[in-house]
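Chains as they are written, first to last, in the numbering used here: chain B, 2 to 275; chain S, 2 to 275; chain Y, 2 to 275. Every residue, glycine too, gets a C-beta built ideally from N, C-alpha and C.
Structure representation (structure tokens):
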């Protein structure tokens, strides 16, 4: 069932415009190429509209947010909206500073996002900038566990209803939800949090999958989340076998993404629909 | 014949000043060290002239072009010209936005480049900013193949005549030309386009080779292009043997550059002079 | 004796705020995670005070210094001082341009550093901006060798007295000194200078170790320097065994840091106290 999202990405080789941070940008470019897409990184206000116009999707990642690129994010986002391109938000560190939180809120107000991906803490901050009923959100725990999964799913569905975006909350258990459906994905490995960039990489792979599968971006996002998690599992197994460490793990992760095919993906996914 | 360009680079350890993009900058620094040179990355307008003065070559790469560094590129370029240092242009994405195209044209007007390296599409954009007779250029195809190779060589030689720069057009077949001679290089592997940075890395290796071999920068550029292509072939063979993926391929590429010696280079080159 | 500095870092998982360059930033983030800490990279003047407030240490690295972030460095530095957080300076390229030298002097004047790490040339520049008696400093050679070690140690102790910072001079022989004690560390391998980022990575590991061991930052810095050097030795041995190259060496270096434990560290250290 999920093969086609991967296969379409390899077939259509979408071009993904990234306005992103300088920490993980190289990994993002390489994993886009590994998953079958192509990257363009461009953040100057003089060119972002033109660049996004020749692309198939846009990623806005606020990882090393700075004043110079906020206007670029807004202009590119509006242009991508006008063109009907998928736009994916990664609100890195939203909540950690008022600058990031305020920028996240401004982006949510002026740009319509197709998908928003973050950890539970970032997504809770997004939620505070997306609506009026804050009471419910405050009940969601800071870690998604089997115990509070039902509440987290309800929260994600509710936030999707408010924002119109597919909501991807990633952590030990991943949730991908629109207003009606939620995919619960139990792939991945804890070591993924011992390297930088797994979140950023996933966000840009989501953009590629959505660009190639615009007819069902919820499923496409779930497929990307599952693919990334599966690569993490395979990478961990290889690290164990070769007795290496975290930097090798990063290499393996991208290696497995570059070799992933629909059959491996479908066979390795641990997805539940709720 | 080509050994000496590599050997001189290892012997003279040139210091290469890079004003470059933040996507592939780490790979560029590492491949410079791997080929025997040393990198300095500096882009602030307050220091670029001083920095370039203590270096042996300058690379201007517009990969993540932004307003802040255009003046830095111009100042560094003029200073390097005044000092007689090789200056290499990588017009990444020229033609993809009017901002990049206009900046490329401005750079071509105000800085004298020793070498310009890009894919055929970027080099065609360079050509439009470099002279008056555009008619001929428009005839060059968007991919260099055995069928249109003769035309592409004539185009490269003509552009070298107009700009005074060695022209390096890289792709499945690589062309390195000055106004009189062209090297056709058939090294490399298709997987090189499945990772980010092979073009940027090559550009900065060219700068190192030219700094170490100023008496024949056409041959030095051809040697650098051949060395990079050969590393791609060796890296692909290792990937096949070890059954890894694209991120390992990137590691292997730089590994082979760090171990390359004149004998291996000369033995592996597939170069034709036309 | 040195185990506890490593063990405390893994135990306390300090959060380290980095205002750093875009060349080696990814390596810095990954080695922080590898040594048991967590990274935040943030350089916008609107958020650096808030970000540094939620962290346990601050690194200021001037590797790709630009006008935009100088004020951020000053604001973050003063805030970290006010909060009593360790602040570590990496004066990359101080002395190579008057812009870097002047900024280094300004930082030294307005921020109190816990540790300053650089090569001998950078530290000599620091020395010129740190006091009135320049005569003695000028006698220190440009390379620390067994022959001039005594003078270099006296220089480091004197500079520590002037600045109040632990001084870490790294090279073939490493010196870590406060005003009373000096650790001479003979770990490491020459290949560490054939990849970019070993200095930057070490600086941020020092910050992590100091955050986790504030009661003795001189010893904590020595432990970090020794750990990095030991990883270099182990990485070189693996490179020899696997017949790879410099890019693999970088991967191994971070791998070994991720697997390093107190016992391996203590067993491998070559430290002398003078």
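query	result
Residue 55 of chain S burial status per 10 Å Cβ neighbour count (16 or more: buried)	exposed
With 16 other Cβ atoms within 10 Å as the buried cut-off, status of residue 256 of chain S	buried
Cutoff 7 Å: residue 239 of chain S Cβ touching any chain B Cβ	no
Cβ of residue 121 of chain Y within 7 Å of any chain S Cβ	no
Start and end residues, beta strand (DSSP E) containing residue 169 of chain Y	167-170
Unbroken beta strand (DSSP E) run spanning residue 16 of chain Y, endpoints	16-20
Span separating the alpha-carbon of residue 50 of chain Y from that of residue 80 of chain Y	6 Å
Exposed unless 16 or more other CB atoms sit within 10 angstroms - verdict on residue 259 of chain Y	buried
Interfacial residues, the stretch 61-82 of chain S to chain B, with Cβ spacing under 9 Å	64, 65, 66, 67, 68 and 69
Test: residue 233 of chain S CB closer than 7 Å to a CB of chain B	no
Closest residue to residue 100 of chain Y among Y:84, Y:66, Y:129 and Y:86 (Cα-Cα distance)	Y:66
Distance between residue 219 of chain Y and residue 77 of chain Y (C-alpha atoms, nearest Å)	23 Å
Same chain, Cβ closer than 7 Å to residue 84 of chain B, neighbours up to 5 away in sequence not counted	54
Residue 120 of chain B to residue 34 of chain Y span [Cα, whole Å]	18 Å
Chain-ordered neighbours of residue 1 of chain Y on chain S, where CB pairs are closer than 7 Å	Residue 1 of chain Y is absent from the structure shown; chain Y starts at 2 and stops at 275.
For residue 314 of chain Y, the three-state DSSP class (helix, strand or coil)	With chain Y represented from 2 up to 275, any question about residue 314 of chain Y goes unanswered, as that position is not in the structure.
Limits of the beta strand (DSSP E) - the one that residue 182 of chain S falls within	Note, residue 182 of chain S: premise wrong, no beta strand (DSSP E); not H, not E.
Residue 112 of chain B to residue 187 of chain S span [Cα, whole Å]	47 Å
Interface residues of chain S facing residue 144 of chain Y [CB-CB closer than 8 Å]	Those do not exist, as residue 144 of chain Y stays about 16 Å from chain S at its closest Cβ, beyond 8 Å.
Alpha-carbon spacing of residue 229 of chain Y relative to residue 41 of chain B, whole angstroms	35 Å
The beta strand (DSSP E) enclosing residue 62 of chain B, as first and last residue numbers	58-62
Residue 136 of chain Y in three-state terms, based on DSSP	Residue placement at residue 136 of chain Y is flagged as unreliable, the pLDDT there being 40, under the threshold of 50; the coordinate-derived value follows with that caveat. Coil, per DSSP.
Nearest residue (CA-CA) to residue 276 of chain B, options B:110, B:274 and B:73	Since the first and last residues shown for chain B are 2 and 275, residue 276 of chain B lies out of range.
Buried or exposed (CB count within 10 angstroms, at least 16 for buried), residue 158 of chain B	buried
Residues within the stretch 89-121 of chain S neighbouring chain Y, beta-carbon criterion of under 7 Å	none
Residues that DSSP places opposite residue 276 of chain S in a beta bridge	Since the displayed chain S opens at 2 and closes at 275, residue 276 of chain S lies outside it and no answer follows.
Contact set between residue 45 of chain Y and chain B, taken where Cβ atoms lie within less than 7 Å	66, 67, 68 and 100
Residue-level contact to chain S via CB, residue 193 of chain Y, 7 Å cutoff	no
Sequence-distant residues of its chain with Cβ nearer than 8 Å to residue 243 of chain Y (five each side left out)	249
Rounded C-alpha distance that separates residue 19 of chain S from residue 36 of chain Y	31 Å
Residue 196 of chain B: contacting residues in chain Y (beta-carbon distance under 7 Å)	31 and 34
Through-space distance from residue 108 of chain S to residue 123 of chain S, alpha-carbon basis	14 Å
Helix, strand or coil at residue 270 of chain B according to DSSP, with G and I counted as helix	coil
Coarse secondary structure for residue 2 of chain Y, derived from DSSP in three states	coil
Beta-carbon contacts of residue 196 of chain Y that lie in its chain and below 7 Å, excluding the five residues immediately before and after	247, 250 and 251
Identity of the residues DSSP links to residue 40 of chain S by a beta bridge	S:17
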